[in-house]
Each structure stands twice: as structure tokens, then as C-alpha cells.
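Structure record follows, encoded as C-alpha cells.
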Amino acid sequence: MASLKKRKGTYYIRFSETIDGERRQKAFSLEVTEEREAKKLQYEYEDKFQRGEIDPFHGWSPQQEKRKRNWEKRVRHMSLAEAGQQFLDERSQANEQTKNNYRRHFDMLEDQLGSTMPVREILEKDIREFCFRSDLAKATQASYLRHIKALFNWMEEKDIIKENVTKNIKPPKIPQKISQKMISREELNRVFEAFDKFYKEQEEKGHVTKPHQKRLWFKPMINMMYYCGMRASEAVNLKWRHVNLEGDPEDPDDHGRIGIYNTNSNTTKSALERVIPIREPLKPWLVQWHKDQGEPKDGYVFPSSTGLNRFHGMTAGSLSRSFKKFVRLAENVPNTITLHGLRHSCTTDLLRKGVPIHIVQKIMGHSSIDVIQIYEHLDESDLKNAVKGID
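Residue numbers for the sequence shown follow our numbering, so the first one is 417 and each next one is one higher.
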């Protein structure tokens, strides 16, 4: 219950309740001097208290309620232009290019709906018509929606809108060919150049002072994935006991092999175990990395730098994020390239070099030769070279 009390001309409201026989009270100034106004507030707050909408014993106050009411009045008719400007004002940490991108998308939405359009009156239909115009490419539609969603998510967080009309709008699926995810040897070299440049700058700034901070595993691991076509989960779970760096001394073309086996910690996607020949360009990378690690007999080939020892592995997610970081930093390298694209690159390279399809299937661990058919970027001459010698 709630009662009123007047002290030095100002009305106070006192809440009281009894829980487990213990009575407690809490009083607040209403900051009003008129009885009529005080009683009006008493009825409102007592009703909210009884319905559990406010808790005066845990942080609520009439001043808080007043600020909320004033904010509600302010945002009730907030226009699209006002909301967009306030959104940008709060992003002081964003660079100018980012702000300009948001401003450009907001301006286009204002052109369609009107800058004075109250944001609470915008419908899901309005957003769909703006983002999914038939004359826009799928990637452009996704960009429109991403920027507008950011605005509406912010308005929902600030209680400017009662309902986020973008909540159930999904971005369009952007078709991407395998060739867009792949990387050439020249592009991979540029990624490594970006890697070297980044850590040189970090060392000069004094941000990197210890070996484990330099991601020394990056080049040998990425080269291994490029030449062996390994999945990320297979690379991070590879153990030294499954790597043979010796090869056959009587065969100069035998540079060793890597075994991919199912273990308690990792099962291959196709559940097929396989042996991958170590190609000549990869051999020196693995030999040097083995020496750098102290020539261990077991443990992870690429242990986590944050682990206690060589028996603590890294995650596929951290590997993927590291690769994408330096793809973005590299010059003249498409951002569409992915870590899994290294596997596609290996498959394509083997086919182009004339390795029979059924051998490529075994090296890559594909469950069926049919999977090779997804390599739509191979031209007719590539495919002819790939099937030579099968019959």
C-alpha cells in the first residue's frame, strides 16, 4: 500500500509491505506541493506497485518515473531524421567513412518515407519495400537491411519504439561461387606479405614483444592447408605422431605423408580416414616448424599459444578469424576468400595438374566423386587434363 505525507509544504509518498512477518517502508519525495496532484500520483504509483510494475524497495523512484515519462513524451513523435541523427551522434567512436555509410542509407530511407515520418509509424512493409527493390543486387539489398536494422535495434534498446519492425526480416541469401572463396598462390603470398607488415608495425610500436604474440604458426599452418586441402577441424587437431616427414629415401619424389584419423576429439566430416602426400613446396615449411617446436614426437602440430603446453590445441574458429584478418589487410586480394577456400584451391590445383579425379577424391576425403562436380569454375581443358590416365 502507499500513503501520503506532507513535510514543509512538499508531499511524500510512503510504500509499505509485510513479508514473512517483517514490515518494511520506503518514502520518496513527490516534489509537488498541491494535494490534488499528489493524490493523482499516489493512485498511479500505488496501482503500479500492486500490479508489480514498479519496485520502490529496489531502485525505483518517482524521479525515475518522471524521467521515463518525459522521455516517452519526447520520443512519441520522434521523426526518422531525428532518430537517425541521434543514432550517429552516439557513435562518436566510429570513423567518418562508417558514419557516412549510415547517413547515406538513412537519407535514402528518408527520401522514400519522408524525413518527418514518426519512427513509431514505420511498418515492416515499408522496410521490405525499401531494402528489397527488384533493381538492387542481393548484396546491395543485404547492405541496406544491415544499416537499417542497426538503427532499429538501437531505437528498440533506447525504448524509442515499442516494436522493432525489422526483427523478423532476414537478409537475402547471396549466391557465391566456389571460385569466389578460393585463393591463388600469388594471392596467398600477398596475404603473407600483409601478415609480415602487420607484425613488423606491431613490433615497432611495442605492442608485440613475445614470440607467442606473433602467430608464428600462421604461415606453416596455412601453407599446409593450401597444399593438403585439409579442413580447419583436421588442421587444428593434427598430431605429430600422424606426420611422417621422412618419406621413402629411395624415392626422391616421396616427401612424406600426413594421416587424417578419427579420434575422440575429432571426427572427419565424411568419417573417412585418409593419408595425404606431402607436396614438395610444403616440405620445408613443416620441417622448419618441427625444428622450431623442438622436434616433438607427439602433441598438436599447431598448439594454442594460450595453452599450457603442446597438448593444448587451438580452435577452428580462432584459425578462421586469423586468416580472414590478413585477407582483409592484404592488397589486391578479394574479401570473399575464406579459410575453407584453401581446400577448394587445393582440389582445383590437383585437378588442373592432371591428378585423376578418384585420387583427388581420396586425398580430399570426399565421400563421392560427385562432389567434384561442384567445381563449376574449371573449364573444359581443366576437366580433360583431370581425367587423363583413368582408363
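Note that beta-carbon positions come from the ideal geometry of N, C-alpha and C, so glycine has one too. Since the structure is predicted, the reported quantities are computational estimates derived from the model, not experimental observations.
Q.
So, with DSSP's three-state summary, where would you put residue 693?
A. strand
**Q.** Closest residue to residue 588 among 579, 561, 779, 611 (Cα-Cα distance)
**A.** 561
**Q.** Cross-strand partners of residue 534 (DSSP beta bridge)
**A.** 495
Q: Express the C-alpha separation of residue 715 and residue 761 in angstroms, rounding to a whole number.
A: 28 Å
**Q.** Helix, strand or coil at residue 553 according to DSSP, with G and I counted as helix
**A.** coil
(Q) Using the Cβ count rule (16 or more neighbours within 10 Å means buried), how would you classify residue 521? (A) buried
Q: Kindly identify the DSSP beta-bridge partner or partners of residue 716.
A: 655
**Q.** C-alpha gap between residue 553 and residue 458, whole angstroms
**A.** 58 Å
Q) Identify the residues that DSSP records as bridge partners of residue 421: which are they? A) 428
Q | Chain-order list of residues whose beta-carbon lies under 7 Å from that of residue 504 (same chain, five-residue window excluded) | A | 515, 518, 519
Q: Keeping to the same chain, check which residues put their C-beta closer than 6 Å to that of residue 757; ignore five residues upstream and five downstream.
A: 597, 598, 599
Q.
So, under 8 Å CB-CB, residue 630 and residue 615 are touching, yes? Tell me the CB distance rounded to an integer number of Å.
A. 5 Å
Q | Rounded distance between the beta-carbons of residue 567 and residue 499, thought under 8 Å | A | 7 Å
Q | the stretch 637 to 644 / the stretch 697 to 708 touching (three or more Cβ pairs under 8 Å) | A | yes
Q | Three-pair Cβ contact test at 8 Å for the stretch 443 to 452 versus the stretch 425 to 434 | A | yes
Q. Excluding sequence positions up to five away, which residues of its chain have a Cβ less than 8 Å from the Cβ of residue 478?
A. 429, 444, 445, 446, 447, 457, 461
Q) Under a Cβ-count criterion, where at least 16 other Cβ atoms within 10 Å of its own Cβ denotes burial, should residue 764 be classed as buried or exposed? A) buried
Q: Identify which residue in 513, 475, 546, 511 has its Cα closest to the Cα of residue 527.
A: 546
Q) Which residues in the same chain as residue 433 place their Cβ atom closer than 7 Å to its Cβ, once the five residues preceding and following it in sequence are excluded? A) 440
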